[in-house]
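Read top to bottom, the protein sequences are chains D and P.
Take numbering that gives the first Met the number 0: the final residue in the first sequence is number 159, and no numbers are missing along the way.
Take numbering that gives the first Met the number 0: the final residue in the second sequence is number 409, and no numbers are missing along the way.
Reading through the structure tokens given below for one structure.
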Amino acid sequence: MPGLDDLYREIILDHYRSPRNRGELAPPAVRAEGHNPLCGDEIQVYLDVVDGVVNDIKITGSGCSISLSSASMMSQAVKGKKIADVKALVNRFRSMMGLDIADAETDVLSIDDDTEVAAPEVKLGDLEALQGVVKFPVRIKCATLAWITLTQAMAEVPNA
Amino acid sequence: MSFDGALVRKDFPIFERFIDGAPIVYLDSANTSQKPRQVIDAMTSFMENSYAPINRSAYRLAGEATDAFEAARSKVARFINARSADEVVFTKNATESLNLLAYSWGRANLSSGDVVVLTHLEHHANIVPWHMLQAERGIVLRWVPLTADGQLDLTDLTALLADAKVFSFTAMSNVLGTITPVQQLCEAAHAAGAIAIVDGCQYVPHNVTDVQAWGADFLAFSSHKMCGPSGIGVLWGREQLLDAMPPFLGGGNMIADVRLDGFTTAPLPAKFEAGTPAIIETIGLGAAVDYLSNLGMANVREHEMQLGSYAIRTLTERYGNDISIHGPTDIAVRGATLSFAFAGIHPHDLSQVLDQRNVCVRAGHHCAKPLMRLLGVSATARASFYIYNDESDADALVDALASASDIFGF
Chain D
0 MPGLDDLYRE IILDHYRSPR NRGELAPPAV RAEGHNPLCG DEIQVYLDVV
50 DGVVNDIKIT GSGCSISLSS ASMMSQAVKG KKIADVKALV NRFRSMMGLD
100 IADAETDVLS IDDDTEVAAP EVKLGDLEAL QGVVKFPVRI KCATLAWITL
150 TQAMAEVPNA
Chain P
0 MSFDGALVRK DFPIFERFID GAPIVYLDSA NTSQKPRQVI DAMTSFMENS
50 YAPINRSAYR LAGEATDAFE AARSKVARFI NARSADEVVF TKNATESLNL
100 LAYSWGRANL SSGDVVVLTH LEHHANIVPW HMLQAERGIV LRWVPLTADG
150 QLDLTDLTAL LADAKVFSFT AMSNVLGTIT PVQQLCEAAH AAGAIAIVDG
200 CQYVPHNVTD VQAWGADFLA FSSHKMCGPS GIGVLWGREQ LLDAMPPFLG
250 GGNMIADVRL DGFTTAPLPA KFEAGTPAII ETIGLGAAVD YLSNLGMANV
300 REHEMQLGSY AIRTLTERYG NDISIHGPTD IAVRGATLSF AFAGIHPHDL
350 SQVLDQRNVC VRAGHHCAKP LMRLLGVSAT ARASFYIYND ESDADALVDA
400 LASASDIFGF
């Protein structure tokens, strides 16, 4: 069995203890809510997109260290990015989690436009720390909850 | 009847398995129980020697299989002190039993404005079927609330039950371990003119069950939580009520006659058993009932009271205010199913760390989200003990929790 050090990397625990971008955003920011029906975790993602760029993102909800740290790192990674780049990042993250790109059409995490899939130049930065989650398959759903919810939020953005 | 914990454990082959060189500390029996050799052998032997269709064919082998199947029904009837084996209907599990009641009894007897009373302890299986009926029929749901320590607050029970048609409640909470006063609740239901449905999924595997002493009308439970296989469950009901109910699923076995213009139903219990049932699993359930009966359910309860008390005491002594065990503290009104919060660590993370020591606990909402909301949590960690557990399992849980606090540092 892989060691817990692979899972609970220091940067993950740091984001868990001090989550970034916590809070809510008022409209016109969009809001999406995600649930992990398995464990009851829930997350709300508030996304403010101006001219195709993520102007601000805030997150509320409750969850385990993996889901909350993933959400926190995600919020840092997407803030200030163009929506097209965010979508590429979602696919890159998806790929790191071992989710099959070929299944993309049937999966809620999929981005079904012309975005280049899993472009290797997309930098994950701190998010690389979540790589170890793949060794604990039960926890992949924890790591992807925020990303699924972000994808839903992007779908809510008018003209995105 | 005798109960020797060390001997009981030896009956369960899974405990011969080691993971990463260490034994398994299985504390998830409220979820599903492990299986003793006696059950495994009964199912294997039945498949090897006696397997055939039941209730259909005239040859001897089929007769043997039918006899074995019906013997299991009689064992279950005796186990819960049913008046007759005809009152025992085999289903897929307790969830199906409760759905059968909401669908069949509910649709025949409930219409807009009729009141069904549930409690805040209920599992989704005793909530959602009534929600579905609410959406379809416009029935009204009322809820018995909880006291601060997770027992049913019966202060306003009479008012809640006024004009109610159904009172459906758990005999033991799958989250808090709370054991409810079933007999008193059945009496209160009847005094109000309601039927009493008991969800015995958590209670029956751990306690002496006597549906006649309770004065219950219906009882639902599952085989897989009481050492039997999954895929088979029980609906017990008073014969008069079952007789008056329309059938649930239609098909083979449940009919007396079928013509082009309609059908008539078979007598109980076949009326509610459409199609080929889980034959092998039913044999397994019969063997599980034999196994538990040999141990003695009073002995099982005694064992779990001692073990539950020990676990609560050692967890509290070791961790003080860092651990909070939900539900009643008095073992007389609770089973050895312990949901707890530990040092602000999320249950998923706790479970992950405990798994490193092969300590298997459930982390999640336990299919009781309304109760989770009342507790103000999205999830709990739950350690649940059974006949094959002993104090060393409780000690392993206590020790493993220390490594969680090491990682998450408080």
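Quick reminder that beta carbons are idealized off the backbone N, C-alpha and C, glycines included.
Since we're looking at a predicted model, the values are computed, not measured.
Practice problem: Would you mind stating whether P:ASP216 and P:ILE196 have Cβ atoms separated by less than 9 Å? | Solution: Going by beta carbons, P:ASP216 and P:ILE196 fall inside the 9 Å limit.
Self-check item: C-beta atoms of P:ALA277 and P:PRO246 nearer than 9 Å
Solution: No, the pair does not count as a contact, with Cβ atoms beyond the cut-off.
Exercise. Taking 9 Å as the cut-off, decide whether the C-beta atoms of P:SER110 and P:ARG136 are in contact.
Key: Yes.
Practice problem: Using a Cβ cut-off of 8 Å, pull out every chain P residue sitting near D:ASP40, in sequence order please. | Solution: Correct list: HIS347, SER377, ALA378.
Quiz item: Could one say the Cβ of D:LEU3 lies closer than 9 Å to chain P's Cβ atoms, at least one of them?
Solution: Among the residues facing chain P, D:LEU3 is included, as its CB has a counterpart in that chain under 9 Å away.
Quiz item: How should P:ILE13 be labelled, buried or exposed, when 16 other C-beta atoms within 10 angstroms of its C-beta is the threshold for buried?
Solution: With fewer than 16 Cβ atoms within 10 Å of its Cβ, P:ILE13 is classed as exposed.
Quiz item: Are there 16 or more other CB atoms within 10 angstroms of the CB of P:GLN211, so buried, or fewer, so exposed?
Solution: That one is exposed.
Quiz prompt | Delimiting residues of the beta strand (DSSP E) encompassing P:THR336 | solution = Secondary structure note for P:THR336: its beta strand (DSSP E) is the uninterrupted segment 336-341.
Quiz item: With a cut-off of 9 Å, does the C-beta of P:GLY363 fall near any C-beta of chain D?
Solution: With 9 Å as the cut-off, P:GLY363 counts as an interface residue toward chain D.
Quiz prompt | Straight-line gap, P:ALA158 to P:CYS200 (C-alpha atoms, nearest Å) | solution = One alpha carbon belongs to P:ALA158, the other to P:CYS200, and they sit about 27 Å apart.
Practice problem: With DSSP collapsed to three states, give me the class of D:ALA117. | Solution: Low local confidence applies: a pLDDT of 49 at D:ALA117 is under 50, so the model's placement there is unreliable, with the coordinate-based value given in what follows. Here D:ALA117 sits in coil by DSSP.
Quiz item: Closest Cβ-Cβ distance between D:ASP47 and chain P: below 9 Å?
Solution: It does not; no Cβ of chain P falls within 9 Å.
Self-check item: Continuous alpha helix (DSSP H) stretch holding P:THR315: start and end
Solution: It spans 296-318 - the alpha helix (DSSP H) in which P:THR315 sits, taken as one unbroken run.
Quiz item: In terms of DSSP beta bridges, what is P:ARG356 paired with?
Solution: Its beta-bridge partners do not exist; DSSP assigns none.
Quiz item: Rounded C-beta distance between D:LEU129 and D:ALA142? I'm assuming under 8 Å.
Solution: Contact between D:LEU129 and D:ALA142 holds, with the beta-carbon distance rounding to 5 Å and staying under 8 Å.
Self-check item: Cutoff 9 Å: D:ARG246 Cβ touching any chain P Cβ
Solution: Because residue 246 of chain D is not part of the residues shown, which for chain D are 0 to 159, the question remains open.
Practice problem: Might you give, ordered along the chain, the residues of its own chain that have their beta carbon closer than 8 Å to the beta carbon of P:LYS91, omitting 5 neighbours on each side? | Solution: Excluding residues within five positions, the ones whose Cβ falls inside 8 Å are GLY230, ILE231, GLY232, ALA277.
Quiz prompt | Inter-residue Cα distance where the pair is P:GLU63 and P:THR118 | solution = Taking the straight line from one Cα to the other gives about 44 Å.
Quiz item: Just the Cα atoms here: how many angstroms apart are D:GLY131 and D:MET96?
Solution: Here the alpha carbon of D:GLY131 sits roughly 9 Å from the alpha carbon of D:MET96.
Quiz item: From which residue to which residue does the alpha helix (DSSP H) around P:THR43 run?
Solution: Run containing P:THR43: 36-44, per the alpha helix (DSSP H) assignment.
Practice problem: Quick one: which unbroken alpha helix (DSSP H) runs of 4-plus residues sit fully inside the region 249-282 of chain P? Chain order, please. | Solution: With a minimum length of 4 residues, no continuous alpha helix (DSSP H) run stays inside the region 249-282 of chain P.
Exercise. Starting from the Cα of P:GLU121, find the closest Cα among P:ALA187, P:THR263, P:MET171, P:ARG36 and give me that residue.
Key: When P:ALA187, P:THR263, P:MET171, P:ARG36 are compared, the shortest CA-CA separation from P:GLU121 is found for P:MET171.
Exercise. For the region 64-83 of chain D and the region 379-399 of chain P, state whether three or more C-beta atom pairs, one from each stretch, are separated by less than 8 Å.
Key: In short, these stretches do not touch, since the Cβ pair count stays below three.
Exercise. Report yes if the C-beta distance between P:ARG106 and P:LEU132 is below 9 Å; otherwise report no.
Key: In this structure, P:LEU132 lies closer than 9 Å to P:ARG106 by Cβ.
Quiz prompt | Where D:ASP112 falls, given that 16 or more other Cβ within 10 Å makes a residue buried | solution = For D:ASP112, the pLDDT reaches just 49, beneath the cut-off of 50, and the residue's location in the model is therefore unreliable, although a value from the coordinates is still provided. Here D:ASP112 is exposed: its Cβ has fewer than 16 other Cβ atoms, across all protein chains shown, within 10 Å.
Quiz item: Any heavy atom of the ligand MN closer than 8 Å to the CB of D:ALA152?
Solution: Because no ligand of any kind appears in the structure shown, any question about the ligand MN cannot be addressed here.
Quiz item: Quick one: what does DSSP say D:ASP102 is sitting in, helix, strand or coil?
Solution: Bear in mind that a pLDDT of 47 at D:ASP102, under 50, signals an unreliable position, so the number given afterwards is only what the model happens to contain. D:ASP102 sits in a helix when the DSSP states are folded into three classes.
Exercise. Establish whether the CB of P:MET171 and some CB of chain D are separated by less than 9 Å.
Key: It does not: the Cβ of P:MET171 has no partner Cβ on chain D nearer than 9 Å.
Quiz item: What are the start and end residues of the beta strand (DSSP E) that includes P:LEU117?
Solution: It spans 114-118 - the beta strand (DSSP E) in which P:LEU117 sits, taken as one unbroken run.
Quiz prompt | Enclosing alpha helix (DSSP H) for P:SER402 [first to last residue] | solution = From DSSP, the alpha helix (DSSP H) with P:SER402 extends over 390-407.
Quiz item: How long is the line joining the alpha carbons of D:ARG8 and P:SER221, rounded to whole angstroms?
Solution: Note on geometry: alpha-carbon atoms of D:ARG8 and P:SER221 lie some 41 Å from one another.
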